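Student:
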Amino acid sequence: MLSLVVFAQEVSVSGQVVDLNNEPIALSNVVLLAEDGSTFLKGTSTDDVGYFKVNDIPLATYFLKISFIGFQEFSQKIILRGHLDLKKIQLNEIPESLDEVTVIAKKPTITRKPERLIFNVENTALSEGSTLGVLKNTPGIIVSEGSINIKSSPATVFINNRKVQLTNEELITLLESAPANSIKSVEVITNPPASYDADSGSVINIIMSKNLVTGYRGSMFANYTQGVFPRYNAGTSHYFKNNKVNLNLNYSFTKKKINRDQDDTVNFLENLDPLQEDVYEIYEIWESNTNRNTWSETHNLNLSFDYYLDDKNTLSLTSTGLYTPYFKYKLKNNTTINDENSVFQGSYTSDNISRDNKYNIGTDLIFKHDFENNANLTFNAHYTIYDYERHQNVFTNNFDANNDFQNNSEFNTIANQKTNIITGKIDYSLPTNETSSLDLGVKYSNINTDSDIVRLDVIGGSEVINTDNTDAFMYDEKVFAAFGNYSTSWDKWDLSLGLRVEQSNIEGKSISVGETNTQDYFGWFPNASLSHQVLEDVIIYGNYKRSITRPSYTSLNPFSFFLNENTIVLGNPNLVPTYRDHFVVGTNFLEHFTVEGYYMNYDGDIVELLRQNNQTNIVEITPTNLDKKVEYGFDFLFNYDITSTWNVYAVTSFYNSTEEANFGEGFVKFNQWSNYSALQNNIAMLEDQSLNVNLTFQWVGKNLIQLQNAEDRLFSELSITKSVLNKKGVISLTVEDLFNLQNQETSLEYLNQSSNSFVNIDNRYIKLGFRYKFGNTKLSTNERTTSEEERQRLNDMQ
Numbered sequence: 010m011l012s013l014v015v016f017a018q019e020v021s022v023s024g025q026v027v028d029l030n031n032e033p034i035a036l037s038n039v040v041l042l043a044e045d046g047s048t049f050l051k052g053t054s055t056d057d058v059g060y061f062k063v064n065d066i067p068l069a070t071y072f073l074k075i076s077f078i079g080f081q082e083f084s085q086k087i088i089l090r091g092h093l094d095l096k097k098i099q100l101n102e103i104p105e106s107l108d109e110v111t112v113i114a115k116k117p118t119i120t121r122k123p124e125r126l127i128f129n130v131e132n133t134a135l136s137e138g139s140t141l142g143v144l145k146n147t148p149g150i151i152v153s154e155g156s157i158n159i160k161s162s163p164a165t166v167f168i169n170n171r172k173v174q175l176t177n178e179e180l181i182t183l184l185e186s187a188p189a190n191s192i193k194s195v196e197v198i199t200n201p202p203a204s205y206d207a208d209s210g211s212v213i214n215i216i217m218s219k220n221l222v223t224g225y226r227g228s229m230f231a232n233y234t235q236g237v238f239p240r241y242n243a244g245t246s247h248y249f250k251n252n253k254v255n256l257n258l259n260y261s262f263t264k265k266k267i268n269r270d271q272d273d274t275v276n277f278l279e280n281l282d283p284l285q286e287d288v289y290e291i292y293e294i295w296e297s298n299t300n301r302n303t304w305s306e307t308h309n310l311n312l313s314f315d316y317y318l319d320d321k322n323t324l325s326l327t328s329t330g331l332y333t334p335y336f337k338y339k340l341k342n343n344t345t346i347n348d349e350n351s352v353f354q355g356s357y358t359s360d361n362i363s364r365d366n367k368y369n370i371g372t373d374l375i376f377k378h379d380f381e382n383n384a385n386l387t388f389n390a391h392y393t394i395y396d397y398e399r400h401q402n403v404f405t406n407n408f409d410a411n412n413d414f415q416n417n418s419e420f421n422t423i424a425n426q427k428t429n430i431i432t433g434k435i436d437y438s439l440p441t442n443e444t445s446s447l448d449l450g451v452k453y454s455n456i457n458t459d460s461d462i463v464r465l466d467v468i469g470g471s472e473v474i475n476t477d478n479t480d481a482f483m484y485d486e487k488v489f490a491a492f493g494n495y496s497t498s499w500d501k502w503d504l505s506l507g508l509r510v511e512q513s514n515i516e517g518k519s520i521s522v523g524e525t526n527t528q529d530y531f532g533w534f535p536n537a538s539l540s541h542q543v544l545e546d547v548i549i550y551g552n553y554k555r556s557i558t559r560p561s562y563t564s565l566n567p568f569s570f571f572l573n574e575n576t577i578v579l580g581n582p583n584l585v586p587t588y589r590d591h592f593v594v595g596t597n598f599l600e601h602f603t604v605e606g607y608y609m610n611y612d613g614d615i616v617e618l619l620r621q622n623n624q625t626n627i628v629e630i631t632p633t634n635l636d637k638k639v640e641y642g643f644d645f646l647f648n649y650d651i652t653s654t655w656n657v658y659a660v661t662s663f664y665n666s667t668e669e670a671n672f673g674e675g676f677v678k679f680n681q682w683s684n685y686s687a688l689q690n691n692i693a694m695l696e697d698q699s700l701n702v703n704l705t706f707q708w709v710g711k712n713l714i715q716l717q718n719a720e721d722r723l724f725s726e727l728s729i730t731k732s733v734l735n736k737k738g739v740i741s742l743t744v745e746d747l748f749n750l751q752n753q754e755t756s757l758e759y760l761n762q763s764s765n766s767f768v769n770i771d772n773r774y775i776k777l778g779f780r781y782k783f784g785n786t787k788l789s790t791n792e793r794t795t796s797e798e799e800r801q802r803l804n805d806m807q
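Using the numbering used here, you'd call the opening residue of the sequence shown number 10 and step up by one each time.
1) How about Leu42 and Leu73: are their beta carbons less than 9 Å apart?
2) Rank Asn309, Gly46, Ile87 by C-alpha distance to the C-alpha of Val20 and give the top, closest one.
3) Excluding the five sequence neighbours on either side, which residues of its own chain have a C-beta within less than 6 Å of the C-beta of Asn311, listed in chain order?
4) Where do the N-terminal and C-terminal ends of the beta strand (DSSP E) with Ser418 fall, by residue?
5) What residues in its chain sit with their C-beta under 6 Å from that of Ser211, if we drop five residues either side in the sequence?
6) Please report the straight-line C-alpha distance between Ser261 and Ala231, rounded to a whole angstrom.
7) Are the Cβ atoms of Val488 and Ser513 separated by less than 9 Å?
8) Quick one: measure Cβ to Cβ for Arg559 and Pro586, integer angstroms, because I've assumed they're closer than 8 Å.
9) Tell me, please, which residues DSSP counts as bridged to Arg240.
10) Assign Ala410 to one of two classes, buried (16 or more other C-beta atoms within 10 Å of its C-beta) or exposed (fewer than that).
11) What's the C-alpha gap between Lys518 and Gln528?
12) Could you pull the DSSP bridge partners for Thr53 from this structure?
13) Skipping 5 residues on each side, what residues in its chain have a beta carbon closer than 6 Å to that of Val463?
14) So, helix, strand or coil for Gly330, using DSSP?
15) According to DSSP, is Glu185 helix, strand or coil?
16) Going by CA-CA distance only, name the one from Glu32, Ala35, Val26 that's closest to Lys96.
17) Apply the 10 Å Cβ neighbour rule to Ile215 and answer buried if 16 or more other Cβ atoms are within range, or exposed otherwise.
18) Terminal residues of the continuous beta strand (DSSP E) containing Gly469?
19) Please classify Asn361: does DSSP put it in a helix, a strand, or coil?
20) Can you tell me the Cα-Cα spacing of Asn573 and Asn361, whole angstroms?
21) Nearest-angstrom Cα distance between Ser561 and Gly673?
22) Using DSSP with H/G/I as helix, E/B as strand and the rest coil, what is Lys145?
23) State buried or exposed for Gly523, treating a residue as buried only when at least 16 other CB atoms are found within 10 Å of its CB.
24) Near Asn101, which residues of its chain fall below 6 Å by C-beta distance, leaving aside the five closest residues on each side in sequence?
25) Which residue wins for smallest C-alpha separation from Val510, given the options Val543, Val639, Arg555, Asp379?
26) DSSP state of Tyr205, grouped into three classes?
27) Which residues share a DSSP beta bridge with Gln512?
28) Cα separation between Thr327 and Thr372?
29) Residues in the same chain with beta-carbon distance under 7 Å from Val628, minus the five sequence neighbours each way, listed in chain order, please.
30) Does the distance from the C-beta atom of Tyr641 to that of Tyr608 stay below 9 Å?
31) In whole angstroms, what is the alpha-carbon distance linking Phe83 and Lys736?
32) Taking 9 Å as the threshold (beta carbon to beta carbon), is Phe376 in contact with chain B?
33) Could you compute how far the alpha carbon of Leu29 sits from the alpha carbon of Phe592?
34) If you measure between the beta carbons of Asp282 and Ser766, is that distance less than 9 Å?
35) Quick check on Asn772: does DSSP put it in helix, strand or coil?
36) Identify the continuous alpha helix (DSSP H) that holds Tyr562 and give its terminal residues.
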């Protein structure tokens, strides 16, 4: 009986972990292993003063291991016959290891691969700005109002290999308000493998950091930005990991007022000679000045949670939420009407005020099982709910040629959109040998959207339903997909082959007019990448990718949204998908140089066109399929470390764009050579490299966008950060658009269309920020690799 009591007795092991200066080391990793030294039994971490205690341990022989990044691991065999207090345990620093890490991490590095560019920004000056600011400084990415492009092609944005399921406007709001201090790197993927959806033509994948060792770290930040009006942004980030869970939680709040001024000129034309259908002359010139102020308050919440069931099984939950309880925009338009000789004919003023309320929450539940042969099987279930409501009032005053008041009109609209997205994925990854791997997967997605809009004309002080502009629209999309991807290496060759097949079933119903649009199509989407190391410092490569762009939900919605009585945003239920074939050949040589040539062919590219009706003087903005679009060009890249603390990256690209369309009244074809160039400097200063500077310039020459000529633009940004408070605090300063050359000027001239526009965007600002890190600020990080797809096509209705 006594022996049974002794066998059942459980005791504890305790102690304090300190460094060579006898200073306590908080959040050290304490692990208790079985006598064989490999089987994990229990673990904990030290508290703020370095103490730890492992309780409820049976009497036996164990190995105790204690580790912390930057220190040599402590290991000791212990034989427990009762409670054991090890007193102080001293860890020795790894010589110069922390200094080496600091030097490497202080400047962004760029890795060029055949199918992607990897931009590492962790712990640099850029990491103290916003996520959107990092994208603006990433080579090849152009961020302009309402869009994020890789050169001239719209990009699909992923975070940790999971598509960000937000509208374009919401995506930019999210990235602008999210701090960049959690970003490890940005991948610009021009040839995504078959595991990505077929509608992921060009991908931006933002890799976030993740705890590698046990412990807790966190930060709080606040930013003040002065543009035309002040903006405010604040938030907090928290990371926690132990042997069973890994938690990452980020929250931010943004309050801002954004200004935009726009000058538009529309030359309304008439055909004076019926014998020459393509000869037009100006009969009226409408010049508009529009000022738009946008107020918004936005809450962003991002959650990533891993629960390690055991060594082989992990259950994960990730969620991205955006809630905008307050959104208002006020648009004031003043339009003057002149004849062909610029003689005043009349004018009108239009005030448009809208208030929105919306939220967008996307959640993934992921189960991953690792097999003994390093294969893994992943199940991913995703659900998105999106709810949007807009109330609009438009009031117009009309004036005659004597500038005397003539009449007015007023109407209100109420618009709603509710979208649900459900997807399920199964992915299997199998290393076939040491140099080859096979990935297989299937996916099902269902997107369901219910929208409605009611227009109420105010007549005699009473609201009357305008039945011609009142409608309800129901949209249902089902996509079945399967893919396989094989990668292998031999000698000095690397090969990747992939194939994705997708079956799409789409149905759109316009309730009030009784129209139903049905689309059923099947697509094959291959991709291939091949590279060969010719010499030690010379690599040649080539790749190919076929992708699809489906029309957005609201693009297919036939609603008419009136900015004013003469400017209308229309949906197009007859849109069909765009197919793109993308070819690339290139070479990396002498370590610092890359040269690429590429060719992209678009079949039915979806563009948003401005079309003027010369009979009604109404301008319609509507999505349309082009008949053909082709782009080809050459890229020249240079990456060099001038010193150990100064890195320079330069790229220039010369490319040609051709767009063709047939509108029934004539054939249109445009061709334009353009240049994109970027120069980026990253410098670490002071002896401890606590002062970091990033200076970036991006030049976009005259180019062709949606049958319009866009003039030259220069994007510029200066970012400076300084570590303070023993490197727990960071002060940051960012100046955007140093030379005031980012505003957009476009012109349109074909058939019976003639107009031009100048947009003064509120993107010239100064931002001052401060971030404070607490907890174990020395925790090492790595990246999460979960995946999910859909919601990109939730385009805003504005």
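C-beta: ideal position from N, C-alpha, C; glycine also.
Given the structure is predicted, the values throughout are model-derived calculations rather than measurements.
Tutor: From the atom records:
1) Yes.
2) When each option's Cα is compared against that of Val20, the closest is Ile87.
3) Around Asn311: Asn259, Thr329.
4) Element bounds for Ser418: 414–442.
5) Within the same chain, Cβ atoms closer than 6 Å to the Cβ of Ser211 are found at Ile159, Ser162, Ala164, Thr199, the five residues on either side in sequence being excluded.
6) In this structure, the straight-line span from the alpha carbon of Ser261 to that of Ala231 is close to 9 Å.
7) Taking 9 Å as the Cβ cut-off, Val488 and Ser513 qualify as a contacting pair.
8) 5 Å between Cβ atoms; contact.
9) Per DSSP, Thr234, Lys265.
10) Ala410 should be labelled exposed.
11) Lys518 and Gln528 have their C-alpha atoms roughly 12 Å apart.
12) Answer is Val39.
13) Taking C-beta separations shorter than 6 Å and ignoring five residues to either side along the sequence, the partners of Val463 in its chain run Ile423, Thr479, following chain order.
14) Secondary structure of Gly330 (DSSP, three-state): strand.
15) For Glu185, the three-state secondary structure derived from DSSP is helix.
16) Answer by Cα proximity: Val26.
17) For Ile215, the number of other beta carbons within 10 angstroms of its own is at least 16, and it is reported as buried.
18) Note, Gly469: premise wrong, no beta strand (DSSP E); not H, not E.
19) Of the three classes helix, strand and coil, the one that applies to Asn361 here is strand, per DSSP.
20) Just so you know, the alpha carbons of Asn573 and Asn361 end up roughly 7 Å apart.
21) So the two alpha carbons sit approximately 24 Å from each other.
22) When DSSP states are grouped into helix, strand and coil, Lys145 belongs to the helix group.
23) The residue in question, Gly523, is exposed, as its Cβ has fewer than 16 Cβ neighbours within 10 Å.
24) Only residues of its own chain outside the window of five on either side were considered, and among them Gln81 have a CB closer than 6 Å to the CB of Asn101, listed in chain order.
25) Residue Arg555 is the option with its Cα nearest to Val510.
26) Residue state, collapsed to three classes: coil.
27) Answer is Phe489, Phe531.
28) Spanning the two alpha carbons is a distance of roughly 6 Å.
29) Beyond the five residues adjoining it in sequence on each side, Val628 comes within less than 7 Å, by CB distance, of Val275, Asn575, Thr576, Leu619, Gln621 in the same chain, given in chain order.
30) The answer is yes: Cβ separation under 9 Å.
31) Our two residues, Phe83 and Lys736, have alpha carbons roughly 27 Å apart in a direct line.
32) Of the protein chains in this structure there is only one, and it is not chain B.
33) Cα atoms of Leu29 and Phe592: separation of roughly 58 Å, rounded to the nearest angstrom.
34) No, the Cβ-Cβ distance between Asp282 and Ser766 is not below 9 Å.
35) The answer is coil: DSSP assigns Asn772 none of H, G, I, E or B.
36) Start and end: 562–565.
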